[in-house]
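This report refers to the structure that appears directly beneath it.
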Amino acid sequence: MNMNSNEQVRQALKTSFSRRSFGRIASVVGAASALPILNEAALAQLSSIGRIPADAIKINANENPLGPSAEALEIMHKFTPLAGRYLYEETFDFVKTIAEQEGVKPDYVRPYGGSSLPLHHVVMAYTSPEKSLVTADPGYEAAYRAAQTVGAKYHLVPLMKDAGYKHDVKAMYEKDPNAGVYYICNPNNPSGTVTPMNEIEWLVGKLKADQILVLDEAYIHLADIPFGSPLVAADKNVVILRTFSKLYGMAGLRAGFAMARPDLLAKFTKWNSGALPVTAMVGAHVSIKNAKLVPERREIIRNVREDVFNFLDKKGYSYIPSVSNKFMLDVKMPAKDFAAKMASHKIYVGRAWPAMPTLSRISVGTKEEMAKFKEALPKVMG
0 MNMNSNEQVR QALKTSFSRR SFGRIASVVG AASALPILNE AALAQLSSIG RIPADAIKIN
60 ANENPLGPSA EALEIMHKFT PLAGRYLYEE TFDFVKTIAE QEGVKPDYVR PYGGSSLPLH
120 HVVMAYTSPE KSLVTADPGY EAAYRAAQTV GAKYHLVPLM KDAGYKHDVK AMYEKDPNAG
180 VYYICNPNNP SGTVTPMNEI EWLVGKLKAD QILVLDEAYI HLADIPFGSP LVAADKNVVI
240 LRTFSKLYGM AGLRAGFAMA RPDLLAKFTK WNSGALPVTA MVGAHVSIKN AKLVPERREI
300 IRNVREDVFN FLDKKGYSYI PSVSNKFMLD VKMPAKDFAA KMASHKIYVG RAWPAMPTLS
360 RISVGTKEEM AKFKEALPKV MG
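In this text, residue positions in the sequence shown follow numbering that gives the first Met the number 0: the first is 0, and each later residue adds one.
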């Protein structure tokens, strides 16, 4: 077959959706035209920029260039020859370990390939033309894009600029006290800032029986802050999302999970089908059993991030302090223009948000990658 890998993926996606699931999914949520999240372009990550030069620096997608841990690489290599089998039991074991670590029963955990798909599904399930979504501005766009697919309204509430760019939970609630979903990414994407747990708990305390909080903890391992797991263990109306794409360095392997009361899970996991990649499941499983991995990697990323911040401070550049693997840099020009200029130096940075048109999201790469970023930045900024 004389097609490159990207073309093979596109053809596979077309075949999969047309023959196996498109009709079934469409019958649940409406006509095909109402499902933009399922088309080819939308299936790609929002930060996809296509093929770039081999020697370029890619700090645009909040990836972890450290990649999977040594233990994960070893066990994935071991299981690759066995991948002719579905090996569901490996996923079951993965779920059991997560449940034990998070203090919930196994039926409170549902595995996924990353956390984007459950985010789409939970928003689609709990919003409608009568039930809105309330989220931060700027925030991760996938949430409100999912709301659009079911004809739901969405409300964007500005982060609190004078309070460390945290979520304004009271303003979020007041925006629509009858919303179906309140979405908080903590630490936030793109700002990398934290909303205190007591404020999240305040919002949870306001929820009615038909309302939920989606607490996206994709970046939680990068910050030394409390997990939201106790809220789920206490049977609150909370759905927590986690992924192995960030600190664990498994973005290209796709592993993650949703965690909530079984009745909450049942409303959106009904759209799941099929086995998950066994390599991702065993890699994620061995990763969470390594107690040293999170603190070690958190320190590595923090040290590189703080070194960049020291550089920015010395140069007098403005940015939003972050505790994550990305930060927002004020580039004093349209962020899209800045991205184009950096690309001319083979440095690929993140996308822009309308709420902050002159701020560019910069992912934290390796020490060597960020050294090249620091070299190119003054040339572009003038």
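Cβ coordinates follow ideal geometry from the N, Cα and C atoms, glycine included. Note that this is a predicted model, so its numbers are computed, not measured.
So what does DSSP say about residue 205, is it helix, strand or coil? Stepping through the sequence shown from its first residue, residue 205 is reached at position 206. In the three-state DSSP reduction, residue 205 falls in the helix class (H, G or I).
Could you tell me which of 329, 196, 242 sits nearest to residue 312, measuring between CA atoms? Within the sequence shown, the letter at position 313 stands for residue 312. If we check each option's Cα against that of residue 312, 329 comes out closest.
Which of the three DSSP states is assigned to residue 245 in this structure? Walking along the sequence shown from the start, residue 245 turns up at place 246. DSSP places residue 245 in coil when its eight states are reduced to three.
For a test of the three-state rule: what should DSSP assign to residue 84, helix, strand or coil? Within the sequence shown, residue 84 is the residue found at index 85, counting from 1. Correct three-state label for residue 84: coil.
Measure the CB-CB distance between residue 118 and residue 141 and report whether it falls below 7 angstroms. Here the question's residue 118 lines up with position 119 in the sequence shown. Here the question's residue 141 lines up with position 142 in the sequence shown. Yes, they are a contact pair.
Could you tell me whether the segment 245–257 touches the segment 343–360, using the rule of 3 or more Cβ pairs below 8 angstroms? With the cut-off at 8 angstroms, the segment 245–257 and the segment 343–360 do not touch.
Spatially closest choice to residue 188 from 171, 169, 165, 179, by CA coordinates: Numbered from 1 along the sequence shown, position 189 holds the residue referred to as residue 188. Out of 171, 169, 165, 179, 165 has the C-alpha closest to the C-alpha of residue 188.
If we count Cβ pairs, one from each stretch, closer than 8 angstroms, do we get three or more for the segment 260–277 versus the segment 143–161? The answer is no - the segment 143–161 does not touch the segment 260–277, with fewer than three Cβ pairs under 8 angstroms.
So is the beta-carbon of residue 265 under 6 angstroms away from any non-hydrogen atom of the ligand ATP? The ligand content of the structure shown is nil, which means the ligand ATP is not present either.
Exposed or buried, what is residue 378 when buried is set at 16 or more other beta-carbons lying within 10 Å of its beta-carbon? Here residue 378 corresponds to residue number 379 of the sequence shown, with the count starting at 1. Result: exposed.
If you follow the alpha helix (DSSP H) that residue 172 is part of, which residue opens it and which one closes it? As a working note, residue 172 is residue 173 in the sequence shown. Where residue 172 is concerned, the enclosing alpha helix (DSSP H) stretches over 168–174.
In terms of alpha-carbon separation, which member of 315, 104, 145 lies closest to residue 261? Your numbering for residue 261 matches position 262 in the sequence shown. Residue 104 holds the alpha-carbon nearest to the alpha-carbon of residue 261 among 315, 104, 145.
If you compare alpha carbons, which of 59, 112, 225, 283 is closest to residue 200? In the sequence shown, residue 200 corresponds to position 201, counting from 1. The shortest Cα separation from residue 200 among 59, 112, 225, 283 belongs to 225.
DSSP three-state call for residue 78: helix, strand or coil? Against the sequence shown, residue 78 aligns to sequence position 79. Helix at residue 78.
For residue 232, which of 371, 259, 299, 252 has the nearest alpha-carbon? Stepping through the sequence shown from its first residue, residue 232 is reached at position 233. Restricting attention to 371, 259, 299, 252, the CA atom closest to the CA of residue 232 is found in 259.
Per DSSP, the bridge partner or partners of residue 352: Locating residue 352 in the sequence shown gives position 353, counting from the first residue. For residue 352, which the question treats as bridged, DSSP gives the partners 355.
The alpha helix (DSSP H) enclosing residue 256, as first and last residue numbers: Within the sequence shown, numbered from 1, the residue matching residue 256 stands at position 257. Careful: residue 256 lies outside any alpha helix (DSSP H), inside the beta strand (DSSP E) at 255–258.
What span of residues does the alpha helix (DSSP H) with residue 325 cover, start to end? Position 326 of the sequence shown, counted from the first residue, corresponds to residue 325. Boundaries for residue 325: no alpha helix (DSSP H) harbours it, while the beta strand (DSSP E) harbouring it runs 325–329, taken from the DSSP string.
So, for residue 306: in the same chain, excluding its five sequence neighbours on each side, which residues have a beta-carbon less than 8 angstroms away from its beta-carbon? Counting from 1 along the sequence shown, the entry for residue 306 is found at position 307. Leaving aside the five residues that flank residue 306 on each side, the residues in its chain whose CB is nearer than 8 angstroms to its CB run, in chain order, 366, 369.
Which of the three DSSP states is assigned to residue 261 in this structure? Along the sequence shown, read from residue 1 onward, the residue named residue 261 stands at position 262. Here residue 261 carries a helix assignment [DSSP, helix/strand/coil].
How about the segment 333–344 and the segment 201–219: do they share at least three Cβ pairs that are nearer than 8 angstroms? They do not touch, by the three-pair rule.
How many whole angstroms separate the CB atoms of residue 130 and residue 179, which I take to be in contact at a CB cut-off of 8 angstroms? Taking the first residue of the sequence shown as 1, we reach residue 130 at position 131. Taking the first residue of the sequence shown as 1, we reach residue 179 at position 180. Going by Cβ atoms, the distance from residue 130 to residue 179 rounds to 3 angstroms, so yes, they are a contact pair.
CB contact flag (residue 386, residue 239, <7 angstroms): The question about residue 386 has no answer, for the chain in this structure spans 0 to 381.
Per DSSP, the bridge partner or partners of residue 335: Locating residue 335 in the sequence shown gives position 336, where the first residue counts as 1. DSSP lists no partner for residue 335.
Which whole runs of the beta strand (DSSP E) in the segment 93–169 are 3 residues long or more, in chain order? Those beta strand (DSSP E) runs which fall completely within the segment 93–169 and span 3+ residues are 108–111, 132–136, 153–157.
Who pairs with residue 239 in a beta bridge, going by DSSP? Looking up residue 239 in the sequence shown gives position 240. For residue 239, which the question treats as bridged, DSSP gives the partners 214, 258.
Can you give the Cα-Cα distance for residue 257 and residue 109, rounded to whole angstroms? For the purposes of this step, residue 257 is identified with residue 258 of the sequence shown, where counting begins at 1. For the purposes of this step, residue 109 is identified with residue 110 of the sequence shown, where counting begins at 1. Going from the Cα of residue 257 to the Cα of residue 109 covers about 5 angstroms.
Considering only the beta carbon of each residue, do residue 218 and residue 323 sit closer than 7 angstroms? For the purposes of this step, residue 218 is taken as the residue at position 219 of the sequence shown. For the purposes of this step, residue 323 is taken as the residue at position 324 of the sequence shown. In this structure, the beta-carbon distance from residue 218 to residue 323 falls below 7 angstroms.
First and last residue of the alpha helix (DSSP H) that includes residue 57? By 1-based counting over the sequence shown, the position of residue 57 is 58. Counted as a single uninterrupted DSSP element, the stretch harbouring residue 57 is not any alpha helix (DSSP H) but the beta strand (DSSP E) occupying residues 56–58.
Among all the DSSP beta bridges, which residues are the ones paired with residue 296? Taking the first residue of the sequence shown as 1, we reach residue 296 at position 297. DSSP, once it has assigned bridges, lists no residue as partnering residue 296.
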